Structure formats: structure tokens, C-alpha cells
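Structure first, then comments.
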Amino acid sequence: MLDRLDQIEQAALEALKGVTTEDELQVWKVAHLGRSAGLSQIFDGLRALPKDQRPQVGRRVNEVKHALEQAHAERAETLRLLGLEQSLNQQRLDVTLPGSRPHPGRLHPSTQTMRQIVHIWAEMGFQVYRSREVETDEYNFGLLNFPPHHPARDMQDSFYTTDPEVLLRTHTSPGQLRVMRERAPEPIRVVVPGMCFRYEQITARSEVQFNQIEGLAVGRRITFGDLKGTLSAFARRVFGQQVRTRFRAAHFPFTEPSAEMDIECFVCGGEGCPVCKRTGWLEILGSGMVHPIVLANGGYDPEQFSGFAFGMGPERITMLKHGIEDIRYFWANDLRFLEQF
Ligand SMILES: [Zn+2]
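If you use my numbering, the sequence shown corresponds to residues 53 to 393, in order.
Structure representation (C-alpha cells):
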């Protein structure tokens with residue numbers, strides 16, 4: 053019986069030398085240490101042996117079992133290291149190769165201008181108020197004192213949804229009503245930045261989507277002088293302390309009186325050039341005193357409250373600052389354009 057155990061041990065160790073993969077190792081384990089292996093059978097037959105032989109054979113069975121388990125563990129470790137070495141050799145990483153250069157993104161030129169403008173207004177005490185891009189006809193036009201027949205309300209000029217009362221906002225001005233109805237009768241100083249949409253022929257000067265920054269100040273005793281002083285201060289911060297401004301009468305349904313603000317052309321210094329179309333002036337924004345009807349619609353008594361509002365186009369200001377001649381570049385997703393900012 054002891055000879056038989058020696059044979060089993062020798063045969064198993066011999067077989068283990070030919071094992072080269074994890075799968076083969078598993079097969080070997082079942083064959084030599086499994087339930088139906090010769091070693092297990094001898095162990096199961098111990099009871100049938102004569103009493104005087106049992107301790108000796110039993111001890112030897114345990115020795116062989118321990119030796120085979122030990123050999124199995126060593127082989128497993130060897131195979132693991134071998135596999136690691138192989139994968140290191142096959143998937144060799146050449147650390148001397150030049151790396152791929154990271155491609156840092158940056159803010160869109162419109163966003164850069166928007167942030168600069170919003171930052172200036174923030175320093176002047178204006179909060180940022182975000183308003184929705186999908187609006188009702190009532191907020192986009194009606195409450196802003198657009199008469200029912202106004203051409204801007206034409207289906208051809210706006211992106212309406214399947215609901216004729218719901219459209220993509222054509223300007224940020226509905227934000228005026230949103231913030232007024234939220235805060236009345238508290239005084240207000242906010243800017244409303246965001247995307248607007250108009251159903252227009254796309255040309256070098258007009259796009260179907262564009263950003264606007266709306267501004268609104270409401271309080272007691274706010275005058276047209278406040279409007280001029282505040283907007284002039286803003287222009288000096290954007291275009292430099294020396295810049296001259298002028299206000300031209302204009303008409304908007306939601307302000308009265310209304311004015312467009314020009315700045316002296318910073319390209320030619322006012323002498324006249326192609327950028328300012330030889331006028332020496334560049335139009336920067338529209339503005340005006342909030343119309344009494346709009347104030348009332350917002351929940352403010354026009355007898356006690358007054359205010360001013362303004363709106364400007366960050367893309368237009370970006371175009372002026374960088375001499376960009378075509379507004380279509382902004383949303384064309386052409387990296388050759390975007391990478392320049
Ligand atoms: Zn000029």
C-alpha cells in the first residue's frame with residue numbers, strides 16, 4: 053500500500069511538469085486531488101485495512117496529499133508569473149514615444165463676450181436672471197405692449213410650436229415681465245442673458261439664433277438721466293474710458309421714450325471707415341424708459357415706479373471688437389474660426 057502511494061505521488065508530480073496553462077492545471081487537480089483520484093480512494097479504503105497498518109498508511113496519505121497540494125500551489129504561481137511576463141512582452145509599451153498632445157477646449161467667443169458683459173453689470177449691482185427660451189405669445193409680445201397687428205407677431209417671423217400660443221422667444225425682453233411679476237413691488241436691477249430665435253433669412257448680418265443680454269432697472273425716481281449715465285458707464289468699461297457715446301431716438305413697443313446708443317467708432321476714432329460705414333459711429337444697444345403699460349403688466353404702479361431697460365447683442369459686439377464680417381461663423385462649428393479666440 054505504501055508503494056502504491058509512492059507511485060501515485062511520483063506519477064502526479066511527473067504529470068504536473070507537463071502542465072503549462074491554467075486550464076491544464078485545473079484538469080490535473082481534478083485527476084490527482086479530486087474525489088475519484090487514486091489518493092482519495094486509498095483514503096476512503098483506510099477503514100478496510102488491518103488495524104496495525106492504518107496509522108502508517110494514514111500518515112503517508114496525508115503526506116502525499118500535502119505534497120501534491122504544495123506542488124499545485126507552486127505551479128499555479130509559476131503559471132501566473134509566466135502569464136504576466138507574456139502579456140508584458142506582447143503588449144509592450146514604449147514610454148519613449150511622444151505622447152498625444154492634450155487638446156484644451158475653451159469658451160465660445162460669444163460666451164466670452166457674454167461673461168465679460170455680465171461681469172461688468174454685476175460690478176454695477178445687476179443680478180443675472182435666467183429666463184426661459186420657450187415662451188408664450190402673451191409674454192413674448194402681448195405683455196410687452198406689442199399691438200396685435202405688429203409685424204413681429206407674424207407667423208413668418210417667429211418659430212411657433214404646434215401650439216399657436218407657444219413659441220421660441222424672439223428676444224430676451226419677456227424676461228422683464230417674468231422678473232417683475234416675481235419680485236414686485238421690490239426694486240429690480242437684473243440682466244437677462246440668453247439665446248433668442250427668429251425665423252429669418254440667414255445672411256452675413258442675421259442668423260436664426262443669436263444671444264441677447266437684456267437689462268432692467270425698476271424703482272422709485274429712476275430717470276432717463278440714470279439710463280444715459282449707466283449705459284455710458286457701461287460703454288466706457290467695455291470700450292475704454294475715452295469712448296464717446298450718443299443716443300438716438302428710436303421706437304420699441306415696450307419703452308417710451310426709446311433710444312439707441314452708439315459709441316464712437318474705435319476702428320477709425322470717429323473719422324469714418326468701412327466698419328462704421330463712414331459714419332464714425334457704431335450702434336451698440338437699444339434702450340428706453342420702461343413703458344407704463346409694461347410696468348403695470350409687471351405689477352408695478354407706474355405712478356410710483358419707473359425704470360429703464362436695454363438690450364444688446366453679444367455677437368454683434370464680438371464682431372465689432374474682432375472685425376468679424378459674417379455672423380454665420382458663430383454657429384457653424386468651424387474650428388478654424390473658433391480656435392482663434
Ligand atoms: Zn469707423
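Quick reminder that beta carbons are idealized off the backbone N, C-alpha and C, glycines included. Computed from a predicted structure; not experimentally measured.
Shortest gap from the CB of V319 to any heavy atom of ligand 1: under 8 Å. As computed with DSSP, G267 is found in a beta bridge with V243 and F362. Within the chosen limit of 8 Å, ligand 1 does not reach the beta carbon of L220 with any heavy atom. Taking each of Q293, E175, Y191 and L390 in turn and checking the Cα distance to M232, the smallest one comes out for Y191. Counting the other CB atoms within 10 Å of its CB gives M53 a total below 16, which places it among the exposed residues. The shortest CA-to-CA distance from E175 to any of R272, G86 and V243 is the one to V243. Counting only the Cα atoms, G86 lies some 17 Å from R56.
Pairing I169 with V290 gives a Cβ-Cβ distance under 9 Å. Judged by the Cβ position, G324 qualifies as a neighbour of ligand 1 at the 8 Å threshold, a heavy atom of the ligand being closer than this. In this structure, L219 lies near E187, with their beta-carbon atoms less than 9 Å apart. Rounded to whole angstroms, W383 and Q261 show a C-alpha spacing of 8 Å. With a threshold of 16 other beta carbon atoms within 10 Å, P161 meets it and is buried.
The straight-line gap separating the alpha-carbon atoms of T331 and R296 is approximately 14 Å. Looking at the DSSP output, R298 sits in a beta bridge with D314. In the three-state reduction of the DSSP assignment, T275 falls in the coil class.
Ranking D96, P154 and H223 by CA distance to the CA of F198 puts H223 first. Counted as a single uninterrupted DSSP element, the alpha helix (DSSP H) harbouring E61 occupies residues L54 to K69.
Distance between V71 and D104, taken at the CA atoms: about 38 Å. Across the set E217, D96 and F193, the C-alpha of F193 shows the shortest separation from the C-alpha of N349.
Going by beta carbons, L334 and C317 fall inside the 9 Å limit. In the DSSP assignment, Y212 forms a beta bridge with L219. Between I265 and P366, the C-beta gap is smaller than 9 Å, which places the two residues in contact. In chain order, P344, L347 and A348 place their CB closer than 6 Å to the CB of P354, counting only its own chain and leaving out the 5 sequence neighbours on each side. If you draw a 10 Å sphere on the C-beta of S139, you find fewer than 16 other C-beta atoms in it, and that means exposed. Sorting R153, P107, Q78 and H118 by C-alpha distance to the C-alpha of I60 places H118 at the top.
Its chain contains T297 as the residues whose beta carbon lies nearer than 6 Å to that of S284, once the 5 sequence neighbours on both sides are disregarded; these appear in chain order.
In the three-state scheme derived from DSSP, where H, G and I count as helix and E and B as strand, G157 is classed as coil.
Ligand 1 approaches L334 closely enough that one of its heavy atoms is under 8 Å from the residue's Cβ. Excluding the 5 residues flanking it on each side, W173 has same chain C-beta neighbours closer than 6 Å at V243, in chain order. C-alpha of E323 to C-alpha of Q392: approximately 29 Å in a straight line. By DSSP's assignment, S339 forms a beta bridge with A311 and F362.
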